[in-house]
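K.L.:
Chains as they are written, first to last, in my numbering: chain A, 309 to 421; chain B, 25 to 138.
1. Please check if any C-beta of chain B sits within less than 7 Å of the C-beta of residue 352 of chain A.
2. Quick check on residue 394 of chain A: buried or exposed, where buried means 16 or more other Cβ atoms within 10 Å of its Cβ?
3. Tell me which same chain residues have a C-beta within less than 8 Å of the C-beta of residue 375 of chain A, skipping the five on either side of it?
4. If you run the structure through DSSP and keep just helix, strand and coil, what is residue 63 of chain B?
5. For the beta strand (DSSP E) that contains residue 354 of chain A, what are its first and last residues?
6. What residues match up with residue 134 of chain B in a beta bridge as DSSP calls it?
7. Quick check: the region 329-336 of chain A against the region 404-417 of chain A, are there 3 or more CB pairs under 8 Å?
8. Leaving out five residues before and five after residue 307 of chain A in sequence, what residues of the same chain have Cβ atoms less than 7 Å from its Cβ?
9. If we ignore side chains and look at the alpha-carbon of each, how far apart do residue 348 of chain A and residue 392 of chain A end up?
10. Please go through the same chain and pick out, in chain order, the residues whose beta-carbon is closer than 6 Å to the beta-carbon of residue 342 of chain A, but skip the five residues on each side of it.
11. Is there a Cβ from chain A that is less than 7 Å from the Cβ of residue 55 of chain B?
12. Quick one: does residue 416 of chain A have its CB under 7 Å from some CB of chain B?
13. Buried or exposed: which applies to residue 160 of chain B, given that a residue is buried once 16 or more other Cβ atoms fall within 10 Å of its Cβ?
14. Chain A beta carbons: is any one of them nearer than 7 Å to that of residue 80 of chain B?
15. If we define contact as Cβ-Cβ less than 7 Å, is residue 363 of chain A a contact residue for chain B?
16. Does the beta carbon of residue 416 of chain A fall short of 6 Å from some heavy atom of the ligand GTP?
17. Verify whether the separation of the beta carbon atoms of residue 45 of chain B and residue 59 of chain B is less than 7 Å.
18. Should residue 113 of chain B go down as buried or exposed, given a rule of 16 or more other Cβ atoms within 10 Å for buried?
19. When DSSP builds the beta bridges, which residues end up paired with residue 52 of chain B?
20. Whose CA, out of B:75, B:65, B:119, B:66, lies closest to the CA of residue 140 of chain B?
21. Could you name the residues that DSSP lists as bridge partners for residue 72 of chain B?
22. Answer yes or no: does any C-beta atom of chain E fall closer than 7 Å to that of residue 110 of chain B?
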């Protein structure tokens, strides 16, 4: 069935270091991959997304890479800051035309000052 | 910037009771979704809604669940007879036109079934 696996489940880095979170998806027809940041008790907020016709996208300190052959995509955060601490979810839009998202399990990122 | 809103923010109910969770999607959006997140777990798709009808539903969305868009602004999720395992955060999301894929999430309703 449709599935997205996300690793690691927790990640602790020092301020200024880089953080990488990886996801794999099962539906080869998936064509849209958003990343959401969720702070404690708040709504998931879209931070970056990528479509299957590109291999990489960057927005300031955040970048996402996509390998369609291997069916995996990654989030890269450089020069991490304490305010980057949150739970990050990857997701994949399935091949169904409803646009539903299948989410990964989430990664709790802690950036230590 | 327009946002998806949800009410109530928290709901406590007794097992077997009916609950209605309300959402106001972003005004010009056409596609609506409900997701749930059990504490500490991933966000799970429940149902999608377009053109006044359900377009897809998950296995979780059984006969105890229903959705409705009673007027031009509200989008509701009803659970007819709540179970303990329905305790979760419920998120509403909405999306613009078919080629705009970004889904915007509401703040969620935390449902606790006792």
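The beta-carbon is built from N, C-alpha and C at its ideal position, and this holds for glycine as well. Note that this is a predicted model, so its numbers are computed, not measured.
P.N.:
The relevant details are as follows:
1. Taking the first chain and counting its residues from 1, one reaches residue 352 of chain A at position 44. By this cut-off, residue 352 of chain A is an interface position.
2. As a position in the first chain, residue 394 of chain A is number 86, starting the count at 1. The residue in question, residue 394 of chain A, is buried, as its Cβ has 16 or more Cβ neighbours within 10 Å.
3. As a position in the first chain, residue 375 of chain A is number 67, starting the count at 1. Within its own chain, the residues whose Cβ lies closer than 8 Å to the Cβ of residue 375 of chain A, once the five positions on either side in sequence are excluded, are 363, 381, listed in chain order.
4. In the second chain, residue 63 of chain B corresponds to position 39, counting from 1. In the structure shown, residue 63 of chain B sits in coil (DSSP, three-state: anything other than H, G, I, E or B).
5. By one-based count along the first chain, residue 354 of chain A stands at place 46. From DSSP, the beta strand (DSSP E) with residue 354 of chain A extends over 353-359.
6. Here residue 134 of chain B is taken as the residue at index 110 of the second chain, counted from 1. As DSSP reads the structure, residue 134 of chain B sits in a beta bridge with B:34, B:113.
7. yes
8. What is shown of chain A runs 309 to 421, which leaves residue 307 of chain A out entirely.
9. Residue mapping note: residue 348 of chain A aligns to position 40 of the first chain, counting from 1. Residue mapping note: residue 392 of chain A aligns to position 84 of the first chain, counting from 1. If I take the Cα positions, the gap works out to 12 Å.
10. Along the first chain, one-based indexing puts residue 342 of chain A at 34. Contacts found: 354, 357, 399.
11. Taking the second chain and counting its residues from 1, one reaches residue 55 of chain B at position 31. Among the residues facing chain A, residue 55 of chain B is included, as its CB has a counterpart in that chain under 7 Å away.
12. In the first chain, the residue the question calls residue 416 of chain A occupies position 108. No, because no Cβ of chain B sits closer than 7 Å to the Cβ of residue 416 of chain A.
13. Not covered by the structure: residue 160 of chain B. The range shown for chain B is 25 to 138.
14. Numbered from 1 along the second chain, position 56 holds the residue referred to as residue 80 of chain B. Yes, contact with chain A.
15. The residue you call residue 363 of chain A lines up with position 55 of the first chain. Chain B contact via Cβ: absent.
16. Inclusion of the ligand GTP in the displayed structure is not the case, the ligand content being empty and no account of it being possible.
17. Within the second chain, residue 45 of chain B is the residue found at index 21, counting from 1. Within the second chain, residue 59 of chain B is the residue found at index 35, counting from 1. Contact: no.
18. Taking the first residue of the second chain as 1, we reach residue 113 of chain B at position 89. So residue 113 of chain B counts as buried.
19. Looking up residue 52 of chain B in the second chain gives position 28. Residue 52 of chain B is not bridged to any residue.
20. This structure leaves residue 140 of chain B out entirely; chain B is present only between 25 and 138.
21. Looking up residue 72 of chain B in the second chain gives position 48. Per DSSP, B:57, B:80.
22. The structure shown contains no chain E; its protein chains are A and B.
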